[in-house]
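Novice: I'd like to ask you about the structure that follows.
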Amino acid sequence: MAWLRQTPRAPLEYTRTLWMRSWIAAVLVFLYAPLLVLMIFSFNDSRRNVVWRGFTTKYYEKALNNDTLVEALINSLTIAALATAASLVIGAMAAIMLWRFRFRLKGVVDGTISLPIIVPEICLGVAMLIFFAWVEWPNNLIWPLNLGAITIAHITFCFPFVTMVVRSRLASFNKEEEEAAKDLGASDWQAFKDVLLPHMRPALVAGALLAFTLSLDDFVITFFTSGPDTITFPVKVYSMVRFSVTPEVNAASTLLIIITVVLTAIALRVQGTKNLSVSH
Amino acid sequence: MAEQDWKADKKAFWAVSSVPLLWTLLLFLVPMSFVWLYSFGSNVGLTEIEISGTLDNYKRAIEWLYLSIFLKSFAVAALVTVICLIVGFPIAMALTFASEKWRPWLLLAIMLPFWTNLLIRTYALMIMLGSQGYANKTLGWLWESASWIKALVGMQPFPAWEPVQLLYNNFAVVLGLVYVHLPFMVLPLYAALDRLDKSLIEASLDLGAGHLRTFLKVVMPLAMPGVIAGVMITLIPALGAYLTPDLMGGTDSQMIANVIERQFKRANDWPFGAALSFLLIYAMFILIALQGLRRNKSGEAR
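Sequence order for the protein chains is A and B. Counting along the first sequence from 1, when you hit position 15 you're at 39 in this note's numbering, and nothing is skipped either side. Counting along the second sequence from 1, when you hit position 3 you're at 105 in this note's numbering, and nothing is skipped either side.
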């Protein structure tokens with residue numbers, strides 16, 4: 025009963041009041057209960073998510089043997105990896121441009137680059153649909169080229185987030201360090217690679233993680249840019265939820281949740297919790 | 103540290119700026135301007151769209167049928183934002199005043215759903231809210247207990263519990279949007295509260311103000327930038343939400359994004375859908391401009 029014998033509460037220790045604790049508990053139940061129920065019922069030996077009928081892993085087997093589902097998951101991870109790599113490069117370039125240089129119409133350029141962050145997903149999706157219809161983007165290419173349209177759309181809305189994260193990190197860079205490197209004989213490229221890049225590293229990790237999550241998470245824009253043969257994980261889960269709710273969806277979702285948790289754990293190891301919150 | 107004029111180092115400037123500028127131009131501005139152009143067009147035949155400069159699409163968009171959906175989307179998004187603010191503020195307070203040991207874990211607990219796939223979260227909530235789901239079971243249990251207590255004190259018990267319809271209605275849409283957007287609200291609030299000088303709260307308490315008064319007169323005004331940031335970051339995506347109303351809503355809980363989607367995927371009326379898209383974008387701009395105005399005003403006052 026050690027927790028009962030605590031020191032009396034200081035005035036500002038709001039977190040120790042009973043109502044605050046119940047509030048936190050209620051919100052955490054609200055946030056996590058649905059996800060836990062989903063994960064538990066993925067092991068349920070019944071076609072419906074209602075009553076517990078015993079433990080089984082057969083829906084995992086089913087999900088992993090469902091070729092379109094696996095293909096969709098591979099597509100999603102491929103797109104996310106490609107979009108993350110490209111967004112990282114483009115986003116970092118844009119951040120350096122906006123941080124280092126003074127040029128005409130800078131305010132306009134700055135605003136336009138961050139625009140994809142605030143434009144509603146549905147509008148960007150519509151724009152991409154019209155654009156790819158207009159350029160008559162071929163949709164019978166072989167894998168992974170058939171993912172091109174979706175990847176391009178994802179890069180368009182992911183890289184501004186990378187720019188945002190990298191730019192706030194660059195603000196703390198001391199330009200004298202770079203000048204010192206150049207005085208000591210470093211070329212432009214060496215100064216960038218050995219001085220600026222190491223400083224940007226935490227932001228690049230955070231930005232990459234953000235871009236990867238955003239890309240993997242995206243349904244609306246993908247829904248508008250995917251051709252008839254290119255299906256991603258969210259689009260596949262959407263049609264499964266739409267037409268028949270089966271424990272297979274639970275199993276597939278649980279797998280993706282585990283991927284997410286593992287990625288977050290890696291990010292925490294790399295960054296520490298403090299930086300993770302800063303990145304948002 | 104001063105920024106460098108781009109002319110001083112043209113090679114370096116073009117090296118970093120060419121790709122982002124080209125990408126933004128070709129793959130963002132060009133597609134967006136297509137939408138804008140299409141909104142002034144009309145369908146000619148099955149697949150041809152003629153950009154004739156007509157305003158018919160906008161005229162149709164402000165007919166009551168569509169205007170009411172716009173207004174309803176605003177109302178839903180505003181309600182969701184207010185609920186997120188009320189639910190999220192104590193959480194942000196708890197994060198701010200939590201001990202060093204607990205804070206990162208609490209923050210992680212709030213953040214983790216944010217990293218989880220939106221579709222999966224929506225689906226998980228749908229399982230909970232189903233007519234046989236746990237939300238209904240919990241309500242049923244509460245109902246039975248209340249009925250039992252009533253019978254115990256000698257009153258007529260309630261009639262037997264009937265499962266309520268929690269899914270496929272407006273309630274489900276609001277709940278679903280709150281579920282999805284809560285972390286968006288908590289983080290800016292926490293960022294603002296964390297910067298707040300805690301000795302001000304102590305001073306207020308020492309000088310005799312109660313906790314409630316301190317909250318209203320000291321904490322709230324100082325946390326205002328965070329509140330506004332949180333409201334914007336919640337209101338804007340909630341206004342354009344597609345997935346939640348589509349999956350959790352009923353026939354009468356359509357939001358504007360669902361109408362836009364239908365023009366492109368089913369009704370095949372691209373010009374009208376384009377006009378609706380741009381009206382939604384203009385609405386966002388107005389919201390952001392209002393926030394900018396407010397910021398300027400408070401900046402002048404200081």
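Each residue gets a CB set at the ideal place from its N, CA and C atoms; glycine is no exception.
Which residues in chain A have a C-beta closer than 7 Å to the C-beta of valine 118 of chain B? List them in chain order.
Specialist: Going along chain A in sequence order, the residues near valine 118 of chain B (Cβ under 7 Å) are Met117, Ile120 and Met121.
Novice: Under 8 Å between the Cβ atoms of leucine 337 of chain B and alanine 179 of chain B?
Specialist: Yes, Cβ-Cβ distance for leucine 337 of chain B and alanine 179 of chain B is below 8 Å.
Novice: On the DSSP letters alone, give me the boundaries of the beta strand (DSSP E) that isoleucine 251 of chain B sits inside.
Specialist: Note, isoleucine 251 of chain B: premise wrong, no beta strand (DSSP E); alpha helix (DSSP H) at 236-254.
Novice: Counting Cβ pairs closer than 8 Å, one from the region 319-326 of chain B and one from the region 298-305 of chain B, do we hit at least three?
Specialist: Touching, per the Cβ criterion.
Novice: Pull up the distance between the alpha-carbon of methionine 195 of chain B and that of valine 280 of chain B, whole angstroms please.
Specialist: The alpha-carbon atoms of methionine 195 of chain B and valine 280 of chain B are separated by roughly 19 Å.
Novice: For the region 253-284 of chain B, enumerate the residues whose C-beta is nearer than 8 Å to any C-beta of chain A, in chain order.
Specialist: The region 253-284 of chain B vs chain A, Cβ under 8 Å: Tyr281 and Leu284.
Novice: So which residues on chain B does threonine 39 of chain A lean against when the C-beta distance must stay under 7 Å?
Specialist: Per Cβ cutoff of 7 Å: Ala196, Phe199 and Ala200.
Novice: Taking the alpha-carbon of phenylalanine 387 of chain B as reference, which of A:Ile98, A:Ala204, A:Pro140 and A:Ala119 has the nearest alpha-carbon?
Specialist: Of the candidates A:Ile98, A:Ala204, A:Pro140 and A:Ala119, the one whose C-alpha sits nearest the C-alpha of phenylalanine 387 of chain B is A:Pro140.
Novice: Distance, Cα to Cα, glutamate 203 of chain A vs leucine 284 of chain B?
Specialist: Their Cα atoms are separated by approximately 45 Å.
Novice: By the DSSP assignment, the alpha helix (DSSP H) with glycine 135 of chain A in it spans what residues?
Specialist: Note, glycine 135 of chain A: alpha helix (DSSP H), 130-142.
Novice: Between the C-alpha atoms of alanine 262 of chain B and alanine 248 of chain B, what's the straight-line distance to the nearest angstrom?
Specialist: Going by the C-alpha atoms only, they are around 11 Å apart.
Novice: Could you tell me which of B:Gly147, B:Gly394, B:Ala385 and B:Ala376 sits nearest to valine 137 of chain B, measuring between CA atoms?
Specialist: Selected option, being the one with the closest Cα: B:Ala376.
Novice: Please tell me whether asparagine 299 of chain A has its Cβ less than 8 Å away from any Cβ of chain B.
Specialist: Caution is warranted here: a pLDDT of 47 is assigned to asparagine 299 of chain A, below 50, making its placement in the model unreliable, and the coordinate value is therefore given only provisionally. Cβ-Cβ to chain B under 8 Å: no for asparagine 299 of chain A.
Novice: Please check if any C-beta of chain B sits within less than 8 Å of the C-beta of valine 51 of chain A.
Specialist: Valine 51 of chain A counts as touching chain B.
Novice: CB isoleucine 146 of chain A to CB valine 286 of chain A, shorter than 8 Å?
Specialist: Cβ distance not < 8 Å, so isoleucine 146 of chain A and valine 286 of chain A don't count as in contact.
Novice: Give the DSSP-derived three-state secondary structure of isoleucine 193 of chain B in the structure shown.
Specialist: Isoleucine 193 of chain B falls in the helix class under three-state DSSP.
Novice: Closest by CA to alanine 116 of chain A, which one among B:Lys109, B:Pro373 and B:Ala117?
Specialist: Comparing Cα positions, the closest option is B:Ala117.
Novice: If glutamate 201 of chain A sits next to valine 219 of chain A, beta carbons under 8 Å apart, how far is it from one beta carbon to the other, in whole angstroms?
Specialist: At roughly 5 Å, the Cβ-Cβ gap stays under 8 Å, so glutamate 201 of chain A and valine 219 of chain A are in contact.
Novice: Can you find a C-beta in chain A that's less than 8 Å from the C-beta of alanine 305 of chain B?
Specialist: Taking Cβ atoms only, chain A never reaches closer than 8 Å to alanine 305 of chain B, which makes this a no.
Novice: Around the C-beta of serine 303 of chain A, are 16 or more other C-beta atoms found within 10 angstroms, so that it is buried, or is it exposed?
Specialist: Caution is warranted here: a pLDDT of 40 is assigned to serine 303 of chain A, below 50, making its placement in the model unreliable, and the coordinate value is therefore given only provisionally. Looking at its Cβ environment, which holds 16 or more other Cβ atoms inside 10 Å, serine 303 of chain A is buried.
Novice: What residues from chain A crowd round phenylalanine 95 of chain B, counting only those whose CB sits closer than 9 Å?
Specialist: With chain B covering 103 to 404 only, the question about residue 95 of chain B has no answer from this structure.
Novice: Count the other C-beta atoms from every protein chain shown that fall within 10 angstroms of the C-beta of tryptophan 123 of chain A, then say buried if there are 16 or more, exposed otherwise.
Specialist: Its Cβ being crowded by 16 or more others within 10 Å, tryptophan 123 of chain A is buried.
Novice: Report, in whole angstroms, the separation of the C-beta atoms of alanine 276 of chain A and alanine 105 of chain A, which I expect to be a contact under 8 Å.
Specialist: Not confirmed; about 19 Å, so no contact.
Novice: Rounded to whole angstroms, what's the CA-CA distance from threonine 240 of chain B to proline 265 of chain B? Just pull it up for me.
Specialist: So the alpha carbons of these two residues sit roughly 10 Å apart.
Novice: Could you check if tryptophan 125 of chain B is buried or exposed, using at least 16 other CB atoms within 10 Å of its CB as the buried criterion?
Specialist: The residue in question, tryptophan 125 of chain B, is buried, as its Cβ has 16 or more Cβ neighbours within 10 Å.
Novice: Comparing the C-beta of leucine 59 of chain A with each C-beta of chain C, is any distance below 8 Å?
Specialist: The displayed structure is made up of protein chains A and B, and chain C is not among them.
Novice: Within this structure, are the beta carbons of leucine 228 of chain A and leucine 112 of chain A separated by less than 8 Å?
Specialist: Yes, Cβ-Cβ distance for leucine 228 of chain A and leucine 112 of chain A is below 8 Å.
Novice: Using a Cβ-Cβ cut-off of 8 Å, state whether serine 277 of chain A counts as contacting chain B.
Specialist: Serine 277 of chain A counts as touching chain B.
Novice: I'd like to check one pair, asparagine 238 of chain B with glycine 352 of chain B: are the Cβ atoms closer than 8 Å?
Specialist: Contact: no.
Novice: Between the C-alpha atoms of alanine 107 of chain A and alanine 173 of chain A, what's the straight-line distance to the nearest angstrom?
Specialist: Approximately 11 Å between the Cα atoms of the pair.
Novice: For tyrosine 38 of chain A and leucine 378 of chain B, I'd like the C-alpha separation in whole angstroms.
Specialist: Each residue's alpha carbon lies about 46 Å from the other.
Novice: Among the residues of its own chain, which have a CB less than 8 Å from the CB of aspartate 241 of chain A, if the five just before and after it don't count?
Specialist: Excluding sequence neighbours, aspartate 241 of chain A sits near Pro258.
Novice: Could you please give the first and the last residue of the uninterrupted alpha helix (DSSP H) stretch that includes glycine 328 of chain B?
Specialist: Its alpha helix (DSSP H) spans residues 322-341.
Novice: Please list, in chain order, all residues of the same chain as asparagine 360 of chain B whose beta carbon is under 6 Å from its beta carbon, the five residues on each side excluded.
Specialist: Excluding sequence neighbours, asparagine 360 of chain B sits near Pro347 and Asp348.
Novice: Give the interface partners of tryptophan 47 of chain A over in chain B, defined as CB-CB distance under 9 Å, in chain order.
Specialist: Result: Val189, Pro192, Ile193 and Ala196.
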